[in-house]
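Numbering (our numbering), first residue to last: 62 to 455.
By construction, the Cβ of each residue, glycine as well, lies at the ideal position given by its N, Cα and C atoms.
Just so it is clear, the structure is predicted and the values come from calculations on it, not from any experiment.
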Ligand code: ADP
Ligand code: MG
């Protein structure tokens with residue numbers, strides 16, 4: 062268990078918090094403020110407990126230089142509206158300079174200061190200790206609440222924790238609770254569902270999950286690399302040629318471990334990669350040479366649904382088909398619906414899978430949708446995340 066803001070005395074303290082304010086913007090206007098809203102409970106808790114608060118975040122990729130289009134000024138404005146209080150913003154190209162230090166030191170309990178985009182400084186993404194120390198010098202406690210960058214060892218996500226007592230905010234707490242519980246102490250049956258385009262991207266996840274799950278359901282583009290490994294015809298389907306022998310190894314490992322690893326039994330095929338392509342369903346072992354697999358078929362959807370409904374824990378990463386094209390979204394939709402109907406704990410990690418579930422309007426029927434695509438993937442790979450390791454244990 063990791064320490065959270067509940068486990069530390071905040072009264073009269075200066076708290077520096079890493080948030081994820083990496084919001085989509087168009088011409089300086091925030092087009093979706095979900096991430097800012099999501100950060101409010103932690104911010105309010107800290108302020109209500111008598112601390113003053115210095116917030117930091119990255120926005121986009123300014124690549125170590127101040128670029129006005131990546132300024133956090135619009136975030137300061139929006140945050141101030143949402144909190145219904147002033148949010149001080151000192152637009153320093155160095156993020157921390159004497160003006161910022163003065164503003165931070167003069168901050169009173171209940172007041173909020175937002176720093177400029179931490180990625181204006183080249184040292185940030187190199188986890189430069191000099192920059193980390195500068196950030197740390199502004200506060201007395203570090204709160205980590207940006208899960209989406211917690212797999213990166215940067216000055217504002219990991220380095221700063223070397224100099225200050227470090228606890229998590231509520232967003233990171235929830236991510237760690239769900240992912241850690243699910244992966245390391247799952248209620249069984251534990252079912253993993255993996256899809257997406259390439260096996261290569263997910264080898265480490267499959268490897269790690271094979272040690273933990275009872276059943277692994279495979280869909281999406283990666284299924285064809287497994288079929289290839291079994292010597293089957295895959296037509297013009299996406300193939301991760303470099304991973305065929307790895308896929309064969311994984312099938313063998315599953316068998317040795319007694320993990321049921323299911324591949325699609327039928328496939329929605331197309332004559333080309335297009336929404337208006339000619340569309341036909343084939344059993345997995347009758348795939349024509351000139352067609353490509355775009356989605357899992359109706360028999361597979363039923364089979365996977367039954368497995369999911371029986372599960373006590375389900376972790377899903379990667380769409381079952383080319384869900385961006387509505388005609389090939391049915392498999393992904395069926396899995397999302399089964400997750401929604403499952404009585405056990407259901408967890409989604411992965412940017413595209415999360416987007417798909419929201420697109421189907423099923424987001425609020427899932428126990429936990431991770432907000433960090435890359436970070437949740439690394440968690441599922443069994444890796445230690447530098448921005449999480451830095452949080453003190455309870
Ligand atoms: P996530 O972001 O959830 O981790 P990935 O990025 O690994 O998922 O994979 C998502 C992509 O996989 C989507 O763009 C989807 O179109 C693609 N995909 C799924 N099935 C297929 C398929 N059969 N052929 C080609 N691409 C596919
Ligand atoms: Mg993706």
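Residue i Cβ short of 8 Å to the ligand ADP heavy atom set
i: residue 380; result: yes
i: residue 375; result: no
i: residue 173; result: no
i: residue 332; result: no
i: residue 400; result: no
i: residue 208; result: no
i: residue 383; result: yes
i: residue 222; result: no
i: residue 353; result: yes
i: residue 338; result: no
i: residue 365; result: no
i: residue 285; result: yes
First through last residue of the beta strand (DSSP E) which encompasses residue i
i: residue 356; result: 353–357
i: residue 343; result: 340–344
i: residue 323; result: 321–323
i: residue 378; result: 374–378
i: residue 229; result: 227–229
i: residue 423; result: Residue 423 -> no beta strand (DSSP E), and no H or E assigned at all.
i: residue 94; result: It is not in any beta strand (DSSP E) - residue 94 carries neither H nor E in the DSSP assignment.
Among the options, nearest to residue i - alpha-carbon criterion
i: residue 125; options: 75, 187, 72, 271; result: 187
i: residue 149; options: 374, 174, 320; result: 174
i: residue 446; options: 382, 276, 209, 127; result: 209
i: residue 181; options: 203, 157, 374, 391; result: 157
i: residue 224; options: 235, 202, 231; result: 202
i: residue 427; options: 392, 441, 376, 299; result: 376
i: residue 169; options: 76, 211, 350; result: 76
i: residue 312; options: 260, 65, 339; result: 260
i: residue 87; options: 269, 99, 162, 132; result: 132
i: residue 277; options: 299, 284, 253, 264; result: 253
i: residue 333; options: 349, 403, 195; result: 349
i: residue 285; options: 305, 272, 267, 266; result: 305
i: residue 291; options: 242, 345, 89; result: 345
i: residue 397; options: 316, 256, 337; result: 256
i: residue 364; options: 325, 382, 353; result: 325
i: residue 178; options: 164, 190, 196; result: 196
i: residue 118; options: 282, 309, 96; result: 96
Same chain, Cβ closer than 6 Å to residue i, five either side skipped, listed in chain order
i: residue 251; result: 274, 275, 374
i: residue 358; result: 327, 328, 329, 342
i: residue 116; result: 78, 80, 175
Cβ-heavy atom distance, residue i to the ligand MG, below 8 Å
i: residue 265; result: no
i: residue 413; result: yes
i: residue 257; result: yes
i: residue 434; result: yes
The alpha helix (DSSP H) enclosing residue i, as first and last residue numbers
i: residue 288; result: 283–290
i: residue 450; result: 447–450
i: residue 173; result: Looking at the DSSP string, residue 173 is not in any alpha helix (DSSP H); the run it does join, the beta strand (DSSP E), is 173–175.
i: residue 439; result: 434–441
i: residue 306; result: 305–318
Chain-order list of residues whose beta-carbon lies under 7 Å from that of residue i (same chain, five-residue window excluded)
i: residue 442; result: 265, 266, 269
i: residue 405; result: 248, 372, 373, 374, 375
i: residue 370; result: 399, 402, 403
Residues near residue i by beta carbon distance below 8 Å, same chain, minus five either side
i: residue 206; result: 78, 79, 80, 81, 100, 103, 229, 230, 231, 232, 233
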